[in-house]
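K.L.:
There are 2 protein chains.
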Amino acid sequence: MVDFSGNSDGSGLGEFKLIARLAEFGSAPELQQAESVLTGIGDDAAVVSTPSGQMLLTTDAIVDGVHFRSANERWYDIGWKCAVSNLSDIAAMGGVPDHALVTLGVPRGASEDTYVEFYSGMNEAFEKFGGRLVGGDVVSSPTMFVNLALTGHPVTDGIWLQRSTAKLGDLVCVTGTLGSSAGGLEVLLSGESNPSGQILIDRHYRPTPRIELGNRLVESGVRCAMDVSDGLVGDLEKIASMSSVGIKIEMACIPIAPELKFMVGTSAIELALSGGEDYELVFTTPESVVDNLPHDVKSQISVIGRVTHDTVVGGDLRVVDSTGKTYEPIRKGWDHLNG
Amino acid sequence: MVDFSGNSDGSGLGEFKLIARLAEFGSAPELQQAESVLTGIGDDAAVVSTPSGQMLLTTDAIVDGVHFRSANERWYDIGWKCAVSNLSDIAAMGGVPDHALVTLGVPRGASEDTYVEFYSGMNEAFEKFGGRLVGGDVVSSPTMFVNLALTGHPVTDGIWLQRSTAKLGDLVCVTGTLGSSAGGLEVLLSGESNPSGQILIDRHYRPTPRIELGNRLVESGVRCAMDVSDGLVGDLEKIASMSSVGIKIEMACIPIAPELKFMVGTSAIELALSGGEDYELVFTTPESVVDNLPHDVKSQISVIGRVTHDTVVGGDLRVVDSTGKTYEPIRKGWDHLNG
């Protein structure tokens, strides 16, 4: 899912700009008023109320040459990652994945084996993290693409993780480590490999959606979160914007895998701040909630900052170094249409 | 949605063949066993059971150069038709549309106006027939494509229209008239227009999903139906195959619009038998159910044949002319990957 919380680079038809325009055009205001739509465009997944109860809906597509390269032929991994990007949207809402529909855009001359492998990777991710493929569409297309749509249900009835609920004084936390997926891509592109590099490559090809952790966070009282799919800085800016708060994070607290430091040295922090596709969760919550998190949850998170201001129109995110000086990341995140 | 009920042309990677392979590969048997999946791949939409009740899920994609031509710039109509192809899947199950997710594959340099117009057409179809856009994804793509996923709920709890429930002795009926959409495309390609031609062009660009009629059929006791999206003969073959029955339909009974006869003369019957995208419903039901249909429903349907045999492995469809002789349609339907 994408959102319309700004972040356009101002040139061309950026992803965010287009969504903003479409939202403005008529849909978003209606959405907010629609009785059956509780959270529409702008969060990781839409929360809708049906005659039979609340549910989550999300969709994500991947396109050859943009999100993956068919020439690499890692079909199993591409299928896995396609499932994970959707599962992660459900995780980011604190939901439980249910049913998936897949659309395959198939170029002429494509081999069946390709799709069987792709399917196999996708299904393994569903088996491991929940969700089940129940149908789909197959269409001819000059460019190979895959679209997944996934439903989910709440782990606790009517309670979700949202982007718009960060409050003054909240701690800002992330799960796992950041930058490893982007590091894995760099290792791949460099062509040099070793055991540390291989760990990063695995993180790039086989990310883990934090379904269970998202559920545990909801159950522990956390209410504000999203997944880190486009890079920490860009994603936290969305929380800041949608919650109208100022957030300060400390570079020294960003969790980075030792393998990433080993492989890329001082650029590790840049990858951790701006690299996409880690599929970890970033969340804000009162200190008391963090204090009371179960031990096994606490061991998987890092406190990286705090919500420092409220009523900040458009939101504000500041990254500070160990001396308290504001740090400007070199690149703020990925806009798939221009990046 | 597509199905895997056969119909491959045996050359290359046909749509049906690919789905059959994927289904065979492991998904379909699991689907049938899965407690939460009541009707999986193989019907117009999947019926799933969630913690909060039964629901429908369907998805359909359209690709530039395959399902529409961006060069025509009829964006409003393309948006309308994209919504209708999904709404029609819900209609074919006898359901009520609820929530939609849209994925836009956007080429570099695309104009926002294009998407605003597209959106506008799509939203008008949703406003008219039900369903509401609640979110989506926007991705960069060398080829423009649009994917819609749509949910629905039953009009009568736990009761659906399915492809596998045709019974010996059932009458075979269709709603509306057939072939007009394909006729409209022929008129467009010929470049010649007149008032009759315009009516067909409208049928091509602005088809109507039979949501209300599908609901009325369920309420009247009909249990077997699908939508005519790939052509009557090809689609009825799917019902025959999934119900393991033999079906006979009579050419003389196929409903054809006077405008189609006027514009294409004797080829009208070929278009009615094999033309796609009419989005009418074809259904089978006992004669007693047809007799008792409310007058306003009866006025919208035509009886075109009968289920003549049961326990026919793989199913069988026979088209007969007014002398009772078997007629072989020139073209049996559309396989989007080879057609």
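So the protein sequences, as listed, match chains A and B.
In case it helps, our numbering puts the first sequence at residues 1129 to 1467.
In case it helps, our numbering puts the second sequence at residues 1129 to 1467.
By construction, the Cβ of each residue, glycine as well, lies at the ideal position given by its N, Cα and C atoms.
Please name the residues in the region 1264-1297 of chain B whose beta-carbon is closer than 8 Å to at least one beta-carbon of chain A, in chain order.
P.N.:
Residues G1264, D1265, V1266, V1267, S1268, S1269, P1270, T1271, F1273, N1275, A1277, T1279, H1281.
K.L.:
Can you say whether A:S1450 is buried or exposed, counting buried as having 16 or more other CB atoms within 10 angstroms of its CB?
P.N.:
exposed
K.L.:
Using a C-beta to C-beta distance shorter than 8 Å, which residues of chain A count as neighbours of B:M1475?
P.N.:
Nothing about residue 1475 of chain B can be reported from this structure: the residues present for chain B run from 1129 to 1467 only.
K.L.:
Return the CA-CA distance between B:G1467 and A:V1274, expressed in angstroms with no decimal places.
P.N.:
Low local confidence applies: a pLDDT of 34 at B:G1467 is under 50, so the model's placement there is unreliable, with the coordinate-based value given in what follows. Near 21 Å, if we compare the C-alpha coordinates of A:V1274 and B:G1467.
K.L.:
At a CB distance below 9 Å, what residues from the region 1185-1202 of chain A approach chain B? Give them in sequence order.
P.N.:
L1185, T1186, T1187, D1188, A1189, I1190, V1191, D1192, G1193, V1194, H1195
K.L.:
With a threshold of 16 other CB atoms inside 10 Å of the CB of A:G1286, please say whether the residue is buried or exposed.
P.N.:
Counting C-beta atoms within 10 angstroms of its own C-beta, A:G1286 has fewer than 16 neighbours from the protein chains shown and is therefore classed as exposed.
K.L.:
I'd like to check one pair, B:A1253 with B:L1229: are the Cβ atoms closer than 8 Å?
P.N.:
no
K.L.:
Answer yes or no: does any C-beta atom of chain B fall closer than 8 Å to that of A:L1313?
P.N.:
no
K.L.:
Mind checking if A:V1221 is an interface residue toward chain B, Cβ cutoff 8 Å exclusive?
P.N.:
The question names Val, but residue 1221 of chain A in the sequence shown is Met. No, A:M1221 lies away from the interface with chain B (no Cβ there is under 8 Å from its Cβ).
K.L.:
Going by DSSP, which residues form a beta bridge with B:G1423?
P.N.:
One detail in the question is off: residue 1423 of chain B reads as His in this sequence, not Gly. Paired residues: none, contrary to the question.
K.L.:
Out of A:C1301, A:V1191, A:V1194, state which residue places its alpha-carbon closest to the alpha-carbon of A:D1419.
P.N.:
A:C1301
K.L.:
Which residue's Cα is closest to the Cα of B:K1209: B:F1196, B:G1362, B:A1219, B:C1381?
P.N.:
B:F1196
K.L.:
If you measure between the beta carbons of A:I1218 and A:I1339, is that distance less than 8 Å?
P.N.:
yes
K.L.:
With respect to the alpha helix (DSSP H) encompassing B:G1222, which residues constitute its N-terminal and C-terminal limits?
P.N.:
No alpha helix (DSSP H) holds B:G1222; DSSP gives it neither H nor E.
K.L.:
Kindly indicate which three-state DSSP category B:S1357 falls into: helix, strand or coil?
P.N.:
In the structure shown, B:S1357 sits in coil (DSSP, three-state: anything other than H, G, I, E or B).
K.L.:
When you compare the CB of B:D1226 with every CB in chain A, is at least one pair closer than 8 Å?
P.N.:
Closer than 8 Å: yes.
K.L.:
List, in chain order, every chain A residue whose beta-carbon is nearer than 8 Å to that of B:M1391.
P.N.:
Those within 8 Å of B:M1391 in chain A number zero; the least Cβ separation is about 28 Å.
K.L.:
Measure how close the beta-carbons of A:T1279 and B:L1261 come, nearest whole angstrom, since I'm counting them as under 8 Å.
P.N.:
Between B:L1261 and A:T1279 the Cβ distance is about 16 Å, and since that is not below 8 Å, they are no contact.
K.L.:
Let me make sure I understand the geometry here. Which of A:S1239, A:G1233, A:V1315 has the alpha-carbon closest to that of A:V1392?
P.N.:
A:V1315
K.L.:
One question on the structure: do B:R1381 and B:T1293 come within less than 8 Å of each other, judged by their Cβ atoms?
P.N.:
What sits at residue 1381 of chain B in the sequence shown is Cys, not Arg. No, these two residues do not count as a Cβ contact at 8 Å.
K.L.:
Please report how far the alpha carbon of B:N1251 lies from the alpha carbon of A:G1181, in whole angstroms.
P.N.:
If you take the alpha carbons of B:N1251 and A:G1181, they lie about 24 Å apart.
K.L.:
Hey, does B:M1379 have any beta-carbon neighbour from chain A nearer than 8 Å?
P.N.:
no
K.L.:
Whose C-alpha, out of A:R1344, A:T1271, A:N1200, A:V1224, is nearest the C-alpha of A:S1427?
P.N.:
A:R1344
K.L.:
Where does A:G1237 land, buried or exposed, given buried means 16+ other C-beta within 10 angstroms?
P.N.:
exposed
K.L.:
Can you pull the chain A residues whose beta carbon is under 8 Å from the beta carbon of B:T1178, in chain order?
P.N.:
Going along chain A in sequence order, the residues near B:T1178 (Cβ under 8 Å) are S1180, G1181, M1183, D1226, H1227, T1279, H1281.
K.L.:
Counting only Cβ pairs nearer than 8 Å, list the residues of chain B close to A:A1174.
P.N.:
What A:A1174 touches in chain B: H1227, L1229, V1262, G1263.
K.L.:
Kindly list, in the order they appear in chain B, the residues whose Cβ is closer than 7 Å to that of A:G1374.
P.N.:
In chain order: nothing, as chain B lies at least about 27 Å away.
K.L.:
Select from the region 1229-1259 of chain B all residues with a C-beta closer than 9 Å to any C-beta belonging to chain A, and list them in chain order.
P.N.:
L1229, V1230, T1231, L1232, G1233, V1234, R1236, G1237, A1238, S1239, E1240, Y1243, V1244, Y1247, S1248, N1251
K.L.:
State the Cα-Cα distance for the pair B:A1220 and B:V1212, rounded to the nearest angstrom.
P.N.:
Rounded to the nearest angstrom, the two C-alpha atoms are 12 Å apart.
K.L.:
Ignore the nearest five residues each way along the sequence and tell me which others in A:D1205's own chain have a CB closer than 8 Å to its CB.
P.N.:
The beta carbon of A:D1205 sits closer than 8 Å to those of G1249, Y1333, R1334, all from its chain and outside the five residues before and after it, given in chain order.
K.L.:
If B:R1331 and B:S1309 are in contact, beta carbons under 8 Å, what's the gap, nearest whole angstrom?
P.N.:
5 Å
K.L.:
From what residue to what residue does the alpha helix (DSSP H) around B:V1346 run?
P.N.:
1339-1348
K.L.:
According to DSSP, simplified to helix, strand and coil, what is B:L1399?
P.N.:
helix
K.L.:
Please classify B:S1318 as buried or exposed, where buried requires at least 16 neighbouring CB atoms within 10 angstroms.
P.N.:
exposed
K.L.:
Roughly how many angstroms lie between the CA atoms of A:T1178 and B:P1225, to the nearest whole one?
P.N.:
Each residue's Cα considered, the two are about 10 Å apart.
K.L.:
Would you check if the distance between the CB atom of A:V1410 and the CB atom of A:V1346 is smaller than 8 Å?
P.N.:
For A:V1410 and A:V1346, no; Cβs fall outside 8 Å.
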